[in-house]
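Visitor: Take this structure, written in structure tokens, and hold onto it; I'll ask about it next.
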């Protein structure tokens with residue numbers, strides 16, 4: 001079905017996030033979950049967002065389409081989707097943009113799919129909320145989508161609990177593609193699945209992307225996975241981006257100590273055997289961040305200035321950005 | 328399907344328990360309440376009727392297990408004995424007339440209360456912090472703390488006696504002949520308003536609170552966030568996605584509370600002299616009419632079991648996980 | 658007590674203390690409820706603050722005197738119901754297996770049997786009075802709380818410290834009393850309040866029907882006599898409004914205390930204020946300056 005709205009041509013930014021800050025208000029004060037995060041995703045590009053749990057990855061994903069619930073609030077920065085200012089939109093405008101420009105696939109489909117509605121209904125709801133199309137037409141499109149992801153049109157009337165984990169995730173992907181969005185945000189889409197199913201789904205995803213040309217924001221704690229799929233990768237720590245570069249540059253020449261530590265913890269599949277070295281220390285408590293650079297307690301190269309001043313953001317103009325005091 | 332069969336088995340066991348209790352209580356009770364009734368009735372009843380009464384009350388010389396079988400046989404064929412207060416009418420006839428009125432009144436009131444209460448609860452959870460959440464629950468909790476029949480007395484006195492807006496007793500006007508005429512139906516509705524309002528007002532708070540708490544839990548779940556992310560209109564998210572999921576535990580509570588609600592409804596009927604089972608219960612107590620009391624116990628139990636079955640059917644329809652036995656609703 | 662931190666609970670407890678005081682010393686102040694003090698059906702006046710009953714007795718004295726029996730029976734039944742329910746629930750949860758299944762079936766069957774008709778049949782065969790009513794209420798009221806407690810107890814039984822105690826060979830009674838019971842205190846408190854609320858309401862209901870002892874002065878029999886003396890037809894509102902209001906206030910106080918207990922157990926229920934609920938679009942809150 002042809003979509004009247006054209007995709008941005010390759011090279012134009014689909015998503016531009018600048019200095020985004022998200023705070024969680026509590027009785028004890030405000031906690032900064034996302035600290036001046038900036039990144040850009042161009043049409044057709046795949047950007048990976050890597051980080052430990054609690055680093056703010058999901059918060060960013062939900063902030064993009066503003067579905068964060070109180071006590072979270074966006075306290076600074078800007079988000080532009082296809083050129084439109086998301087933070088300035090009112091509710092109707094926001095609703096129009098959701099799912100059409102950017103669609104979300106969440107981690108655990110059994111939680112993300114409504115348990116009392118059929119899979120077909122959930123897809124047609126999304127379609128009919130945005131397009132003036134009848135029930136029959138929407139069902140046909142939903143059936144086609146299910147076929148495309150390998151679930152099969154016969155499953156239109158199935159309920160989520162009747163499907164396996166892999167099938168449910170495929171349904172989530174089919175649902176995300178319903179309106180042909182220009183950006184797909186995948187929040188740990190395969191973490192809850194076993195390795196074989198994971199591989200299948202990622203392959204299908206790559207195929208779908210070749211066919212439709214959407215950009216992807218891929219969020220995961222699994223760096224190995226990100227290296228495989230992404231054009232660029234941003235590394236998140238304590239709510240801030242500590243390094244961002246093309247996948248090759250990050251793999252070959254990581255600059256930030258945290259990135260290097262993460263890479264050391266991934267065992268290599270080729271070359272001489274080397275034992276993985278875990279990142280020392282514990283993830284930071286966002287309510288009581290260390291002074292200066294948030295990573296300094298766990299960094300083996302920490303200097304005096306690391307302990308006192310926040311690290312500058314350095315861009316080597318070849319697309320490799322690092323937030324670190326060290327040269 | 329499996330789920331429904333399991334529930335049906337439970338109800339059959341409960342029905343059997345009720346029958347057995349009905350059988351045992353007169354025979355186990357200390358004191359001579361039964362004797363007193365028999366003594367009183369000796370002057371009024373014919374020998375066969377007296378003998379039947381003695382059998383109902385357990386004053387028989389036959390061995391206990393044959394009494395039990397005879398009792399089961401009688402009851403399952405609909406013979407609940409003869410009423411002492413409405414002699415010579417059989418208990419089943421006396422109860423039948425009352426049953427219809429109670430089902431009409433209590434049935435309608437309970438359904439209205441649950442539907443309206445659940446809607447309010449869903450709204451209150453959705454717009455948490457608004458006046459709906461802050462003012463209404465405490466007010467309804469206060470009203471719900473009144474005994475139903477006292478609330479009934481207040482309404483009857485205030486709106487009926489004092490202001491004269493509504494009729495004071497019975498199910499329809501004394502001058503109107505029963506039938507399917509419009510005037511009869513209108514009269515029935517007019518007479519039902521005060522008692523129904525009592526039941527609704529007394530129970531509304533409970534349903535609202537249950538649904539509100541259930542909704543609050545559901546609203547935290549991922550599928551609601553995803554529904555918003557899909558750009559669905561807020562009302563659709565609230566009703567089709569959130570409320571429908573939250574309704575199931577609320578419905579389960581509804582089923583369990585039916586017995587209590589019905590008890591309150593019966594007492595309300597008494598205040599309004601509504602010709603339902605409540606009034607019959609009062610007469611039975613006043614006249615020490617044990618056969619009628621026991622018959623009412625059985626009838627009301629069966630009604631509650633049937634209502635529970637309906638609730639189970641609704642649960643299965645509402646939540647496909649229950650249908651497939653993938654999730655226990657109770 | 659941490660419970661007092663909840664405004665709801667504090668209000669409720671204050672109200673309850675007031676009524677307890679009334680029940681304790683009221684009759685000495687208000688006078689003899691069964692004495693004939695004047696013409697029947699007199700509206701409230703300076704001589705009789707709440708008027709006279711259909712038999713010419715002082716309504717204020719009756720209202721105050723009725724508190725004693727009603728509250729005492731309510732409290733005792735509340736304790737008895739929770740004790741019985743807890744005993745059955747803990748046995749079921751601890752034993753597991755077929756014992757659990759059998760007890761669960763008993764609980765479910767009792768839950769389904771409607772309370773009022775069963776209570777009527779039981780009470781009719783027994784001599785009238787508060788003792789009968791108390792017994793009947795315990796029989797009809799225990800199942801609800803047993804169900805709730807069994808579910809909670811089953812969850813507690815799965816906790817590691819309980820499992821460890823079982824494996825360690827501790828005596829079952831000791832495990833139940835020392836390991837499981839303390840964790841069930843909030844539920845037990847909530848159940849007790851619920852049971853007492855039910856006891857008072859059901860007691861009044863049975864007495865209203867005429868199953869109480871009409872000679873005794875209780876809130877329930879007050880209402881029974883009010884109906885018998887055609888209070889509504891004669892417009893004698895003072896015959897039923899004061900007693901009913903007392904019952905309602907006590908019920909309300911119990912509900913408030915229960916809300917406080919609930920809030921303690923699940924603090925999220927207490928959180929109010931703007932910002933809670935569902936936000937269709939994340940708030941953008943930029944600091945000024």
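Chains as they are written, first to last, in my numbering: chain A, 1 to 327; chain B, 328 to 657; chain C, 658 to 946.
Where is the CB? At the ideal position from N, CA and C, for every residue including glycine.
Which residues, in order along the stretch 151-165 of chain A, keep a beta-carbon less than 8 Å from a beta-carbon of chain F?
Guide: The structure shown has no chain F; the protein chains it does contain are A, B and C.
Visitor: Tell me residue 33 of chain A's beta-bridge partners as DSSP assigns them.
Guide: Numbered from 1 along the first chain, position 33 holds the residue referred to as residue 33 of chain A. The partner list for residue 33 of chain A (beta bridge, DSSP) is empty, contrary to what the question assumes.
Visitor: Ordered along the chain, which non-local residues of its own chain (more than five positions away) have a Cβ less than 7 Å from that of residue 112 of chain A?
Guide: Walking along the first chain from the start, residue 112 of chain A turns up at place 112. The answer, listed in chain order, is 106, 172.
Visitor: Flag this pair as touching only if the stretch 717-737 of chain C and the stretch 766-777 of chain C have three or more C-beta atom pairs under 8 Å; answer yes or no.
Guide: At 8 Å Cβ cutoff, the stretches do not touch.
Visitor: Residues in the same chain with beta-carbon distance under 8 Å from residue 946 of chain C, minus the five sequence neighbours each way, listed in chain order, please.
Guide: Stepping through the third chain from its first residue, residue 946 of chain C is reached at position 289. Low confidence applies here, because residue 946 of chain C scores a pLDDT of 47, under 50, leaving its location unreliable; read the following figure in that light. If we look at residue 946 of chain C and ignore the five residues flanking it on each side, it has no Cβ neighbours.
Visitor: So for residue 5 of chain A, helix, strand or coil by DSSP?
Guide: Start at 1 with the first residue of the first chain, and residue 5 of chain A comes out as number 5. Confidence at residue 5 of chain A is low in this model, with a pLDDT of 47, below 50, so the placement of that residue should be treated as unreliable; the coordinate-derived value is given next. Three-state DSSP puts residue 5 of chain A in coil, outside helix and strand.
Visitor: Along chain B, which residues have their Cβ under 9 Å away from the Cβ of residue 666 of chain C?
Guide: The residue you call residue 666 of chain C lines up with position 9 of the third chain. Chain B residues near residue 666 of chain C: none, gap ~13 Å exceeds 9 Å.
Visitor: Excluding the 5 residues flanking residue 274 of chain A on each side, which residues of the same chain have their C-beta closer than 8 Å to its C-beta?
Guide: Position 274 of the first chain, counting from 1, holds the residue named residue 274 of chain A. Closer than 8 Å at the Cβ level, and outside the excluded window around residue 274 of chain A, lie 267, 268.
Visitor: Report the option in A:44, A:114, A:227 whose CA atom is closest to the CA atom of residue 213 of chain A.
Guide: Here residue 213 of chain A refers to the residue found at position 213 of the first chain. Checked all of A:44, A:114, A:227; the closest Cα to residue 213 of chain A is A:44.
Visitor: Residue 928 of chain C to residue 462 of chain B, Cα distance in whole Å?
Guide: Taking the third chain and counting its residues from 1, one reaches residue 928 of chain C at position 271. Taking the second chain and counting its residues from 1, one reaches residue 462 of chain B at position 135. Confidence in residue 928 of chain C is poor, its pLDDT being 49 and thus under 50, which makes the residue's placement unreliable; the coordinate value appears in the next sentence. Taking the straight line from one Cα to the other gives about 15 Å.
Visitor: On the criterion of 16 or more Cβ atoms from any shown chain inside 10 Å, does residue 538 of chain B qualify as buried, or is it exposed?
Guide: Position 211 of the second chain, counted from the start, is the residue given in the question as residue 538 of chain B. Label assigned to residue 538 of chain B: buried.
Visitor: Just checking: is the beta-carbon of residue 106 of chain A within a distance shorter than 9 Å of some beta-carbon in chain B?
Guide: On the first chain, position 106 is the one that residue 106 of chain A refers to. Cβ-Cβ to chain B under 9 Å: yes for residue 106 of chain A.
Visitor: Can you tell me where the beta strand (DSSP E) with residue 80 of chain A in it begins and where it stops?
Guide: Looking up residue 80 of chain A in the first chain gives position 80. Looking at the DSSP string, the run of the beta strand (DSSP E) that includes residue 80 of chain A is 72-81.
Visitor: Whose CA, out of C:827, C:908, C:703, lies closest to the CA of residue 470 of chain B?
Guide: Stepping through the second chain from its first residue, residue 470 of chain B is reached at position 143. Out of C:827, C:908, C:703, C:908 has the C-alpha closest to the C-alpha of residue 470 of chain B.
Visitor: In the stretch 844-893 of chain C, which residue ranges form an unbroken beta strand (DSSP E) of at least 3 residues, counting only runs that do not cross its ends?
Guide: Counting only runs of 3 or more, we get nothing.
Visitor: Could you tell me how far apart the beta carbons of residue 278 of chain A and residue 943 of chain C are, in whole angstroms, since I believe they sit closer than 8 Å?
Guide: In the first chain, the residue the question calls residue 278 of chain A occupies position 278. In the third chain, the residue the question calls residue 943 of chain C occupies position 286. The Cβ separation is near 39 Å, so there is no contact.
Visitor: Can you tell me whether residue 770 of chain C is buried or exposed, with buried defined as 16 or more other CB within 10 angstroms of its CB?
Guide: As a working note, residue 770 of chain C is residue 113 in the third chain. Buried, because 16 or more other Cβ atoms sit within 10 Å of the Cβ of residue 770 of chain C.
Visitor: If the cut is a Cβ gap below 8 Å, which residues of chain C does residue 613 of chain B touch?
Guide: Residue mapping note: residue 613 of chain B aligns to position 286 of the second chain, counting from 1. Result: 867.
Visitor: Is there a Cβ from chain B that is less than 9 Å from the Cβ of residue 98 of chain A?
Guide: In the first chain, residue 98 of chain A corresponds to position 98, counting from 1. It does; some Cβ of chain B falls within 9 Å.
Visitor: Classify residue 615 of chain B as helix, strand or coil using the three-state DSSP reduction.
Guide: If you number the second chain from 1, residue 615 of chain B lands on position 288. Three-state DSSP puts residue 615 of chain B in coil, outside helix and strand.
Visitor: Alpha carbon to alpha carbon, how far is residue 872 of chain C from residue 661 of chain B? Give it in angstroms, no decimals.
Guide: Nothing can be reported for residue 661 of chain B, as the shown portion of chain B is limited to 328 through 657.
Visitor: Given a cut-off of 9 Å, decide if residue 81 of chain A and residue 340 of chain A are closer than it, judged by their beta-carbon atoms.
Guide: This structure cannot speak to residue 340 of chain A, because chain A is shown only from 1 to 327.
Visitor: For a cutoff of 9 Å on Cβ pairs, would you count residue 711 of chain C as touching chain B?
Guide: The residue labelled residue 711 of chain C in the question sits at position 54 within the third chain. By this cut-off, residue 711 of chain C is not an interface position.
Visitor: Report the option in A:233, A:299, A:130 whose CA atom is closest to the CA atom of residue 258 of chain A.
Guide: As a working mapping, residue 258 of chain A is identified with position 258 in the first chain. Closest by alpha carbon: A:299.
Visitor: Quick one: grab the DSSP three-state call for residue 217 of chain A.
Guide: Position 217 of the first chain, counted from the first residue, corresponds to residue 217 of chain A. In the structure shown, residue 217 of chain A sits in a strand (DSSP, three-state: E or B).
Visitor: Is there contact between the stretch 529-543 of chain B and the stretch 466-481 of chain B, where contact requires at least three CB pairs shorter than 8 Å?
Guide: The stretch 529-543 of chain B vs the stretch 466-481 of chain B: in contact.
Visitor: How big is the Cα-Cα spacing for residue 656 of chain B and residue 690 of chain C?
Guide: Locating residue 656 of chain B in the second chain gives position 329, where the first residue counts as 1. Locating residue 690 of chain C in the third chain gives position 33, where the first residue counts as 1. For residue 656 of chain B, the predicted model reports a pLDDT of 47, less than 50, meaning its position is unreliable; a value from the coordinates is still stated below. So the alpha carbons of these two residues sit roughly 51 Å apart.
Visitor: Report yes or no: is there a C-beta of chain B within less than 9 Å of the C-beta of residue 221 of chain A?
Guide: The residue given as residue 221 of chain A occupies position 221 in the first chain. Answer no: the Cβ-Cβ gap between residue 221 of chain A and chain B never drops below 9 Å.
Visitor: Counting only beta-carbon separations shorter than 9 Å, does residue 935 of chain C have a partner in chain A?
Guide: Here residue 935 of chain C corresponds to residue number 278 of the third chain, with the count starting at 1. Yes, residue 935 of chain C counts as interfacial toward chain A.
Visitor: Determine which residues of the stretch 553-566 of chain B have a Cβ less than 9 Å from any Cβ of chain A, and write them out in chain order.
Guide: Of all residues in the stretch 553-566 of chain B, 553, 554, 555, 556, 557, 558, 559, 560, 561, 563 have a Cβ within less than 9 Å of some Cβ in chain A.
Visitor: Secondary structure at residue 816 of chain C, three-state DSSP: helix, strand or coil?
Guide: Translated into positions along the third chain, residue 816 of chain C becomes position 159. Here residue 816 of chain C sits in coil by DSSP.
Visitor: Report the start-end ranges of each alpha helix (DSSP H) in the stretch 409-496 of chain B that is 4 residues or longer and not cut off at the edges.
Guide: Taking only runs of at least 4 residues, the alpha helix (DSSP H) segments lying wholly in the stretch 409-496 of chain B are 418-453, 458-461, 463-471, 475-482.
Visitor: Based on the DSSP output, what are the partners of residue 84 of chain A in its beta bridges?
Guide: Against the first chain, residue 84 of chain A aligns to sequence position 84. A:81.
Visitor: Taking Cβ positions, are residue 100 of chain A and residue 13 of chain A nearer each other than 9 Å?
Guide: Residue 100 of chain A sits at position 100 when you count from the first residue of the first chain. Residue 13 of chain A sits at position 13 when you count from the first residue of the first chain. No, these two residues do not count as a Cβ contact at 9 Å.
Visitor: When the Cα of residue 477 of chain B is compared with those of C:920, C:911, C:897, which residue comes out closest?
Guide: The count along the second chain starts at 1 and reaches residue 477 of chain B at position 150. Checking every option, the nearest Cα to that of residue 477 of chain B belongs to C:897.
Visitor: Using the DSSP secondary-structure output, state which residues sit across from residue 42 of chain A in a beta bridge.
Guide: The residue you call residue 42 of chain A lines up with position 42 of the first chain. BP columns for residue 42 of chain A point to A:13.
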